[in-house]
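Trainee: Residue numbers (my numbering), protein chains in the order written: chain Y, 3 to 221; chain R, 3 to 221.
Each residue gets a CB set at the ideal place from its N, CA and C atoms; glycine is no exception.
This structure is a prediction, so every number in the text was calculated from the model and none was measured.
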DNA sequence: TCCAAAACCTAACACTAGTTAGAAAATAAC
DNA sequence: GTTATTTTCTAACTAGTGTTAGGTTTTGGA
């Protein structure tokens, strides 16, 4: 029956690339099949030969975007020597993450930008990947703490959320042509590992955190 | 002429509240005047008695949301004793920021969620406020560094972007009923000031950062 | 009670959305 | 070239968009 499988794959890729770019720029609801079609140099109706709905398109973009981050960070870590210390691991992971969400393509950018506005069903489907990625970081951090290279009282889960949040938000301000990714990654790693405070000046648990006279705002 | 100024303000507020909530849930393009109207218990056409366009609505929401963060953090800092140390200032600012974007209402949430997908003209208008807020943090951090309470080699601008990114991303994972804001703020402040590494183990500038054998990913 | 201003609603406008059926063009094996 | 298959386009449909003009109800002071 199927005598050929043709270059359908080529324009399917073209459509997907266009979709990623447009989703990134206009958000989920703001993206139009006709805009994607323009970008991919065909007509809106033709998209449906490759993808059977807008939701299937965004779904594909999200999967690719998430996998890109996961795979990039994973292989960057795998390429490290076995005896790499925490600082190397953290900075490498940060640099790989930033590279993925900034340089590798529009997929990761689109993913970070639209993940909050996509239909619930699609977001749920993307959750497994997000969880995998979270686990990757959690493992790095927990291991480091077990090996005694982190403060014993550090809350790893909250710290991970803090770090990944900062990394993800980078897409909102990073402009190519300014700072390099290496520069940013190095400074971020410094904050994560050393903090801003002067070494020796740390008194995390001894801080007068509970007995202050400041207003509690709303909470 | 104007014999009364009436409770127009009341339903104007009702419309605005509804708008904030819907914008937060569905994004800019995904939000419908009719959906907002439903939430505010009136018809779509009636919204135009209070606001003359959808853009004016989102604009109002953005302004309020941004002001809420700015004012909350500002007054929390002002309420601190004059001799408050860096740790107190940072933790207070973090707690106030988190309180604002999580508790004070849907406005800040909507602001954080849609700021990237709003028409350029509106985003530009909101920039002044964003810049003011950035300056506030920049001042705190620069002052601390001048007073010698921070590492001298810390890049304040990048650190500020790191911190604010992490704080802003909180809206993506924070669920009321789980961790308290105080808890999160305390741990975040600890990371910012002390880092995750063990005190005394810091070697930020002496780190073998440039001469590693790891792949540079794409960059 | 009256009445003008305020607040809201109805019904529609012009437009655009995602999607589809069927025709047309491009493609590749024979 | 012939022909079956793949790929694209055209043209439309329905549903929903922001917005508006004009009418209706509500409101509160006289």
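I believe residue 76 of chain Y touches residue 138 of chain Y by the beta-carbon criterion, under 8 Å. Please report the beta-carbon distance rounded to the nearest angstrom.
Mentor: Taking the first chain and counting its residues from 1, the one referred to as residue 76 of chain Y is at position 74. Taking the first chain and counting its residues from 1, the one referred to as residue 138 of chain Y is at position 136. Their Cβ separation, rounded to whole angstroms, is 7 Å, which keeps residue 76 of chain Y and residue 138 of chain Y in contact under 8 Å.
Trainee: Alpha carbon to alpha carbon, how far is residue 98 of chain R from residue 81 of chain R? Give it in angstroms, no decimals.
Mentor: Here residue 81 of chain R refers to the residue found at position 79 when the second chain is read from its first residue. Here residue 98 of chain R refers to the residue found at position 96 when the second chain is read from its first residue. Cα to Cα, residue 81 of chain R sits roughly 12 Å from residue 98 of chain R.
Trainee: Would you identify the three-state DSSP class for residue 25 of chain Y, choosing helix, strand or coil?
Mentor: Translated into the one-based positions of the first chain, residue 25 of chain Y becomes position 23. Helix, per DSSP.
Trainee: Which first and last residues belong to the alpha helix (DSSP H) in which residue 139 of chain Y is found?
Mentor: By one-based count along the first chain, residue 139 of chain Y stands at place 137. Per DSSP, residue 139 of chain Y belongs to the alpha helix (DSSP H) from 122–148.
Trainee: If you follow the alpha helix (DSSP H) that residue 190 of chain R is in, where does it begin and where does it stop?
Mentor: Numbered from its first residue, the second chain carries residue 190 of chain R at position 188. Segment 183–196, the alpha helix (DSSP H) holding residue 190 of chain R.
Trainee: Within 10 angstroms of the Cβ of residue 130 of chain Y, are there 16 or more other Cβ atoms? Answer buried if so, exposed if not.
Mentor: By one-based count along the first chain, residue 130 of chain Y stands at place 128. It is exposed - the Cβ of residue 130 of chain Y has fewer than 16 other Cβ atoms within 10 Å.
Trainee: Is the closest heavy atom of the ligand ADP to the C-beta of residue 71 of chain R under 7 Å?
Mentor: Of the ligands one can find in the structure shown there are none, so the ligand ADP has no counterpart to examine.
Trainee: Examine chain R for any beta-carbon lying closer than 8 Å to the beta-carbon of residue 64 of chain Y, and answer yes or no.
Mentor: Along the first chain, one-based indexing puts residue 64 of chain Y at 62. Cβ-Cβ to chain R under 8 Å: no for residue 64 of chain Y.
Trainee: Do the CB positions of residue 160 of chain Y and residue 186 of chain R come within less than 8 Å of each other?
Mentor: Within the first chain, numbered from 1, the residue matching residue 160 of chain Y stands at position 158. Within the second chain, numbered from 1, the residue matching residue 186 of chain R stands at position 184. The answer is yes: Cβ separation under 8 Å.
Trainee: So, at 6 Å on beta carbons, what are the nonlocal neighbours of residue 116 of chain R in its own chain, with the 5 sequence-adjacent residues on each side left out?
Mentor: Mapped onto the second chain, residue 116 of chain R falls at position 114. The answer, listed in chain order, is 25, 29, 30.
Trainee: Which of the three DSSP states, helix, strand or coil, is assigned to residue 176 of chain Y?
Mentor: Translated into the one-based positions of the first chain, residue 176 of chain Y becomes position 174. It is coil, neither helix nor strand.
Trainee: Quick one: does residue 144 of chain R have its CB under 8 Å from some CB of chain Y?
Mentor: Residue numbering aside, residue 144 of chain R sits at position 142 when the second chain is read from its first letter. No, because no Cβ of chain Y sits closer than 8 Å to the Cβ of residue 144 of chain R.
Trainee: Using beta-carbon positions only, say whether residue 142 of chain Y and residue 89 of chain Y come within less than 8 Å of one another.
Mentor: As a position in the first chain, residue 142 of chain Y is number 140, starting the count at 1. As a position in the first chain, residue 89 of chain Y is number 87, starting the count at 1. Going by C-beta atoms, residue 142 of chain Y is not nearer than 8 Å to residue 89 of chain Y.
Trainee: Taking a Cβ distance cut-off of 7 Å, strictly less, list which residues of the region 31–44 of chain R are near chain Y, in chain order.
Mentor: If the cut-off is 7 Å between Cβ atoms, the region 31–44 of chain R has 31, 32 near chain Y.
Trainee: Alpha carbon to alpha carbon, what distance is there between residue 200 of chain R and residue 118 of chain Y?
Mentor: To locate residue 118 of chain Y, count along the first chain from 1; it is residue 116. To locate residue 200 of chain R, count along the second chain from 1; it is residue 198. Cα to Cα, the separation comes out at about 36 Å.
Trainee: Taking the beta carbon of residue 149 of chain R as the centre, do at least 16 other beta carbons fall within 10 Å, making it buried, or is it exposed?
Mentor: Start at 1 with the first residue of the second chain, and residue 149 of chain R comes out as number 147. Exposed, because fewer than 16 other Cβ atoms sit within 10 Å of the Cβ of residue 149 of chain R.
Trainee: Assess, as a yes-or-no matter, whether the region 30–48 of chain Y is touched by the region 39–53 of chain R under the definition of 3 or more beta carbon pairs within less than 8 Å.
Mentor: No, the region 39–53 of chain R does not touch the region 30–48 of chain Y.
Trainee: Name, going along the chain, the residues of the region 157–179 of chain Y whose beta-carbon falls closer than 8 Å to a beta-carbon of chain R.
Mentor: Answer set for the region 157–179 of chain Y: 157, 160, 161, 163, 164, 165, 166, 167, 168, 169, 170, 171, 172, 174, 175.
Trainee: State yes or no: is the C-beta of residue 69 of chain R within less than 8 Å of the C-beta of residue 14 of chain R?
Mentor: Numbered from its first residue, the second chain carries residue 69 of chain R at position 67. Numbered from its first residue, the second chain carries residue 14 of chain R at position 12. Result no, Cβ atoms of residue 69 of chain R and residue 14 of chain R do not sit closer than 8 Å.
Trainee: With residue 2 of chain R as the anchor, note down where its alpha helix (DSSP H) starts and where it stops.
Mentor: Because chain R in this structure spans residues 3 to 221, residue 2 of chain R falls outside the shown range and cannot be described.
Trainee: Using only alpha-carbon positions, find the residue among R:110, R:49, R:11, R:58 that is nearest to residue 27 of chain R.
Mentor: Indexing the second chain from 1 puts residue 27 of chain R at position 25. Of the listed residues, the one whose Cα sits closest to residue 27 of chain R is R:110.
Trainee: Using a Cβ-Cβ cut-off of 8 Å, state whether residue 190 of chain R counts as contacting chain Y.
Mentor: Stepping through the second chain from its first residue, residue 190 of chain R is reached at position 188. For residue 190 of chain R, the answer is yes, since a Cβ of chain Y falls inside 8 Å of its Cβ.
Trainee: For chain Y, check one thing: does any of its Cβ atoms lie closer than 8 Å to the Cβ of residue 196 of chain R?
Mentor: For this step, residue 196 of chain R is matched to residue 194 along the second chain. True, the Cβ-Cβ gap to chain Y drops below 8 Å.
Trainee: Determine the extent of the alpha helix (DSSP H) in which residue 108 of chain R is found, giving its start and end residues.
Mentor: Position 106 of the second chain holds residue 108 of chain R. Looking at the DSSP string, the run of the alpha helix (DSSP H) that includes residue 108 of chain R is 108–116.
Trainee: Quick one: Cα of residue 171 of chain Y to Cα of residue 101 of chain Y, how far?
Mentor: Along the first chain, one-based indexing puts residue 171 of chain Y at 169. Along the first chain, one-based indexing puts residue 101 of chain Y at 99. Near 13 Å, if we compare the C-alpha coordinates of residue 101 of chain Y and residue 171 of chain Y.
Trainee: Output yes or no for whether 8 Å exceeds the beta carbon distance between residue 11 of chain R and residue 108 of chain R.
Mentor: For this step, residue 11 of chain R is matched to residue 9 along the second chain. For this step, residue 108 of chain R is matched to residue 106 along the second chain. Taking 8 Å as the Cβ cut-off, residue 11 of chain R and residue 108 of chain R do not qualify as a contacting pair.
Trainee: Do residue 140 of chain Y and residue 162 of chain Y have their C-beta atoms within less than 8 Å of each other?
Mentor: For the purposes of this step, residue 140 of chain Y is taken as the residue at position 138 of the first chain. For the purposes of this step, residue 162 of chain Y is taken as the residue at position 160 of the first chain. Yes, they are a contact pair.
Trainee: Within its chain, find whatever has a CB closer than 6 Å to the CB of residue 33 of chain R; leave out the 5 residues flanking it on each side and keep chain order.
Mentor: The residue labelled residue 33 of chain R in the question sits at position 31 within the second chain. Contacts found: 24, 25.
Trainee: Going along the region 97–122 of chain Y in order, which residues come within less than 7 Å of chain R, judged by CB to CB distance?
Mentor: Answer in chain order: 97, 98, 101, 105, 106, 115, 118, 119.
Trainee: Counting contacts by CB-CB distance shorter than 8 Å, is residue 67 of chain R in contact with chain Y?
Mentor: Translated into positions along the second chain, residue 67 of chain R becomes position 65. No, its Cβ sits nowhere closer than 8 Å to a Cβ of chain Y.
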